[in-house]
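Before any comments, here is the structure.
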Amino acid sequence: MKKYAVVLAAGKGTRMKTELPKCAFPILKKPMIEYITENIEKSNVDEIITVVGHKKEVFFDLLQDRVEYAVQEEQLGTGHAVLVTKDLLERRRGTTIILLGDMPLVDYKVINKVISYHTDRGNDLTVVTTSMENPKGYGRIIRNEYGNIEGIVEHINCTKEQKQIKEINTGIYVVSNSLLFKALEKIEKNPTKGEYYLTDIVEIMKKDYVVGTFVLRDSYKVMGVNDLFNISIAEKHLREQINKMHMLNGVSIINPETVTIGHNVLIEENVTINPNTTITGDSVIKTKAVIGPNTEIHSSTIYESVEVRHSLVYDSTVHENTTIGPFAHLRNGANIGANNRIGNFVEVKKSSTGDGTKAAHLAYIGDTVTGKNVNFGCGSITVNYDGINKHQTIIGDDVFIGCNTNLVAPLSVGDKVFIAAGSTVTKDIPKGALAIARNKQINKADYAKNLIKPKDDQ
Ligand code: UD1
Ligand code: CA
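Adding 160 to a residue's 1-based position in the sequence shown gives its number in the numbering used here.
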């Protein structure tokens, strides 16, 4: 029997108060809809249909042809949302699991478990429920004196007594395709919100079919994300899961609640991550590196025994034994060699350095190819922009660049060059030369007294 999944993601997410539709909103920099979609892909489900409506193009963009789409032009409620899959689904024989796009913590194991349970039990409809300490906002499960499910009542429609019920509707259902649409067509508009509630299928199907429940123990996995506060809670759960996985793999994380690591980050054993650090994108951190505190790394590769402290590293590579920071900024394809030192207030953009090069303080290195063992003195700057175009600087090996030097690009500096401090270099420097590009100093004997006003009476 084929297995299908329907994911509801057509709603606006009014309670979010964001421009992006709720199910596209990022959690740990990944759109919410991708969580549930990935987990369905990992499960035994054969085909996925995603119901989209509000800003549907955003979802077409995000999910491409990973799923089929059903469009709900007007958001008339969860019952109506499932009904719009009728043309796609009714003629396909099989079982369908219905899930909500706003449940990012559901994993593929839960999906497999509830589908098997539904089939093994021979249910026609299985509703997945759980107990919540604070069930506010969720639909409540109404059971009869034998403990069988009778129906689901939405929070706003609950009586005072019903509000005490802690067992809630997770929004996950498993149902046979052949019965689903006949039941959906019987749902009537709920007068309170003027919507067609999917939850009504319980009462409708109970009349003629077998309706059962699957009670999930890990209630946090089915939390629904409705507002930005819920986003922060979902994020906290995901952060904990990811950090724990890395710690069990031999990564030492200090104060893990302040450390955020993205899903696609690879970290080797014996790495230390200090507090207030974020590592995201396709970053790779090799063994013995020390990252943080107060550091952001995005889509970058950090090699063995590198230290990055109080710094920002975006789309860049740092080779072995190099130290970055404090307060350095690498971006846009910076490629720093081994045994380098990139220190306080140094920015490196779209530039490479050879092994053993140092820029210890206050420098800007942009659009530059630098050789080995180069020393950028404090305050050295590659002047790469003339107001219209960017130009390149090429620096050889073993070059000493004195403090406060401007290297006006396009420029080429040969190997073993020495540039005097305070130079503004506009012409290429040949191998082995000493370049001095500044005015000569004049000392006027005894002249200073003409400029310094004598102090009055003290
Ligand atoms: C829903 C359930 C509630 C359950 C809770 C679990 C109903 C009526 N209520 O409430 O019993 O406890 O989820 O989290 O089903 N959507 C559409 N089209 C629509 C309306 C919604 O696609 O016309 C989508 C939304 O994009 C969202 C999902 O359905 O992803 C759930 O909608 P939401 O408004 O968040 O429902 P809840 O009020 O949370
Ligand atoms: Ca919800």
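Don't be surprised by glycine CBs; every beta carbon is placed ideally from N, CA and C.
- Within the region 504-578, the complete beta strand (DSSP E) segments of 3 residues or longer fall at 518-526, 528-530, 541-543, 553-555, 566-568, 571-573, listed in chain order.
- Within the DSSP secondary-structure output, Arg303 pairs in a beta bridge with Ile309.
- Within its own chain, the residues whose Cβ lies closer than 8 Å to the Cβ of Gly485, once the five positions on either side in sequence are excluded, are Thr455, Glu467, Val468, Arg469, His470, Ser471, Ile502, Gly503, Asn504, listed in chain order.
- In the three-state reduction of the DSSP assignment, Phe374 falls in the strand class, which pools E and B.
- By the neighbour-count definition (other C-beta atoms within 10 Å, threshold 16), Val450 is a buried residue.
- Between the region 540-551 and the region 563-580 there are three or more C-beta pairs closer than 8 Å, enough to call the two in contact.
- Bridge pairing for Ser291: Glu327 [DSSP].
- DSSP places His489 in the uninterrupted beta strand (DSSP E) bounded by 488-491.
- Ile328 sits close to Gly299, with the two beta carbons spaced by under 8 Å.
- Fewer than three Cβ pairs drawn from the region 291-309 and the region 418-428 lie within less than 8 Å of each other, which leaves the two stretches out of contact.
- The region 233-242 makes contact with the region 349-357; the number of CB pairs closer than 8 Å reaches 3 or more.
- Ala494 sits close to Lys509, with the two beta carbons spaced by under 8 Å.
- Under the three-state reduction of DSSP output, Glu348 falls in the coil class, being neither helix nor strand.
- It is roughly 35 Å from the alpha-carbon of Val385 to the alpha-carbon of Leu490.
- Within the region 218-296, the alpha helix (DSSP H) runs of at least 4 residues that lie entirely inside it are, in chain order, 238-243, 246-249, 268-281.
- At least 8 Å separates the beta-carbon of Leu222 from that of Ala394.
- The criterion of a C-beta distance shorter than 8 Å is not satisfied by Ile361 and Leu376.
- In the pairwise beta carbon analysis, the region 191-199 is classified as not touching the region 275-293: fewer than three pairs are separated by under 8 Å.
- Looking only at Val334, Leu522, Ser460, the smallest Cα-Cα distance to Cys538 is reached by Leu522.
- With contacts defined as CB atoms closer than 8 Å, Ile555 and Gly531 qualify as a contacting pair.
- Between His214 and Lys172, the gap from beta carbon to beta carbon is short of 8 Å.
- Bounds of the beta strand (DSSP E) holding Ile439 are 437-440.
- By the beta-carbon neighbour count (other beta carbons within 10 angstroms, threshold 16), Ala170 is buried.
- Taking C-alpha positions only, Arg399 is separated from Ile271 by approximately 22 Å.
- If you draw a 10 Å sphere on the C-beta of Ala608, you find fewer than 16 other C-beta atoms in it, and that means exposed.
- Across the structure, Ser392 and Asp206 are spaced so that their CA atoms are roughly 32 Å apart.
- CA-CA distance, Cys318 to Phe219, rounds to 34 Å.
- About 6 Å separates the beta carbons of Met263 and Val382, which is inside the 8 Å limit, making them a contact pair.
- The beta carbons of Val534 and Val559 sit about 5 Å from each other, so the pair counts as a contact at 8 Å.
- A straight-line Cα-Cα distance of about 39 Å links Ile433 and Phe578.
- In the structure shown, the three-state DSSP call for Ile602 is coil.
- Between the alpha carbons of Arg251 and Phe341 lies a gap of roughly 10 Å.
- A distance of 8 Å or more separates the beta carbons of Thr513 and Thr553.
- With contacts defined by Cβ atoms closer than 8 Å, Thr279 and Glu314 do not form a contacting pair.
- Assigned with DSSP and collapsed to three states, Ser465 falls in coil, not helix or strand.
- In the same chain as Ala593, and ignoring 5 residues on each side of it, the C-beta atoms closer than 8 Å to its own belong to Gly574, Val577, Phe578, in chain order.
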